[in-house]
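Structure first, then comments.
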Amino acid sequence: MEKRYDPKDSSLIFVNRKDEITGDDTPDVLRVEMSCGHAVDPNSLTAWCRSLIDQGHFIFHCPAAKEGTEEKCNKQWHYVEVRRHALLTEEEQQYFESKIATIAAAQYCEYKWCPGCGSCVERKDLTNLCVFCIICMKEKGKSYQFCWQCMKEWKGSAPRSDRCDNVGCTNIQLEALQNCSTKTLPFSKIQQCPIIRACPTCGVLIEHKAMCKFVICTRCHVEFCFACLQTKNICSKSSSYNQVCAVAPRQRRVPVWSRVSDSKPSNSLNSTNTDESSWCTIS
Ligand SMILES: [Zn+2]
Ligand SMILES: [Zn+2]
Ligand SMILES: [Zn+2]
Ligand SMILES: [Zn+2]
Ligand SMILES: [Zn+2]
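Using UniProt numbering, the first residue of the sequence shown is number 1, and each one after it goes up by one.
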């Protein structure tokens, strides 16, 4: 079904120009101007952005040619802008958002410099702070494990997700979650909401700056409610952006991002932290 803009929608900038994605210049079609200045219609924008995510990209950019050149505009569009200007249906939103989240998860890597040898080590198991360094093993011939949190040689038993036995090894993220101040969220007027939350999907810490209770995570790109900590899909079933929902208590643990999709068998249960094949390192 063809999507059409509502001419009364005052949040959009309507223009009388050809579609700069497809080149279509059928008269009397309502088109809008994107943040980069190029004109689109909801159908061409949906099709273009859908083709991007189907090719594994989750950052949207403008494919229009710059005025009078062969060069592409390439300016980035935020997903929220695409969602509004493409008039994404409920179904399309769910498709886009789950695709974006899956692609972001697959591309995410955590790297740190090994304190033993200085080479770059990737942490595969985000639930375990104890990290084994292959380079140390190869170069010094002895097993070396360090703590992802305090960045010292590992002390105590492993695996652990909270801390190691080194003095002073604490999770500063948990402290921020426990001790941050509270605020009243705009629009919904929800009171006493902590200004820092860990993203319920990937665990990255996010500070609430402005706008409503719904926040899109910068790392996993899943949109969630800052008050009740449900995903937007769930929270918005019972309350919209300007309505109250229950404020979840301060988080006592930082969620760990599960990068293995539910449909695939997980091998994290039978891999040990000294299994070389489960670590990839770049030196
Ligand atoms: Zn553009
Ligand atoms: Zn090392
Ligand atoms: Zn530690
Ligand atoms: Zn996240
Ligand atoms: Zn909520």
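Ideal Cβ placement from N, Cα and C applies to all residues, glycine included.
Euclidean distance between Cα positions of residue i and residue j
| i | j | result |
| --- | --- | --- |
| residue 161 | residue 202 | 15 Å |
| residue 32 | residue 144 | 58 Å |
| residue 159 | residue 219 | 25 Å |
| residue 251 | residue 83 | 30 Å |
| residue 6 | residue 88 | 13 Å |
| residue 178 | residue 55 | 41 Å |
| residue 14 | residue 25 | 15 Å |
| residue 261 | residue 73 | Reliability fails at residue 261, whose pLDDT of 47 lies under 50, so the model's placement of it is uncertain and no value is given. |
| residue 78 | residue 96 | 13 Å |
| residue 85 | residue 217 | 21 Å |
| residue 239 | residue 209 | 21 Å |
| residue 184 | residue 204 | 22 Å |
| residue 136 | residue 142 | 7 Å |
| residue 30 | residue 39 | 10 Å |
| residue 71 | residue 64 | 9 Å |
Nearest candidate by alpha-carbon position, reference residue i, set the options
| i | options | result |
| --- | --- | --- |
| residue 248 | 221, 196, 219 and 258 | 196 |
| residue 66 | 60, 75, 59 and 58 | 75 |
| residue 49 | 61, 190 and 39 | 61 |
| residue 259 | 2, 39, 98 and 37 | 98 |
| residue 198 | 228, 131 and 18 | 228 |
| residue 1 | 17, 46, 40 and 10 | 46 |
| residue 236 | 37, 163 and 188 | 188 |
| residue 100 | 111, 80 and 113 | 80 |
| residue 93 | 104, 246 and 232 | 232 |
| residue 316 | 37, 70 and 28 | Because the chain here runs from 1 to 283, residue 316 falls outside it and cannot be looked at. |
| residue 107 | 221, 150, 163 and 214 | 221 |
Distance CB(residue i)-CB(residue j) smaller than 8 Å
| i | j | result |
| --- | --- | --- |
| residue 35 | residue 21 | no |
| residue 129 | residue 109 | no |
| residue 190 | residue 254 | no |
| residue 242 | residue 193 | no |
| residue 165 | residue 155 | yes |
| residue 42 | residue 3 | yes |
| residue 139 | residue 117 | yes |
| residue 286 | residue 224 | Here the chain covers residues 1 to 283 and nothing more, so residue 286 does not appear. |
| residue 104 | residue 132 | no |
| residue 149 | residue 180 | no |
Range covered by the alpha helix (DSSP H) that runs through residue i
| i | result |
| --- | --- |
| residue 50 | 42–54 |
| residue 176 | 172–179 |
| residue 234 | 232–238 |
Enclosing beta strand (DSSP E) for residue i [first to last residue]
| i | result |
| --- | --- |
| residue 207 | 205–207 |
| residue 225 | 223–225 |
| residue 196 | 196–198 |
| residue 33 | 31–33 |
Check: residue i C-beta below 7 Å from any heavy atom of ligand 7
| i | result |
| --- | --- |
| residue 62 | The model on display carries ligand 1, ligand 2, ligand 3, ligand 4 and ligand 5 but not ligand 7. |
Q: Pick out the complete beta strand (DSSP E) segments inside the segment 81–164, 3 residues or longer, and give them in chain order.
A: 110–113, 120–123, 130–132 and 145–147
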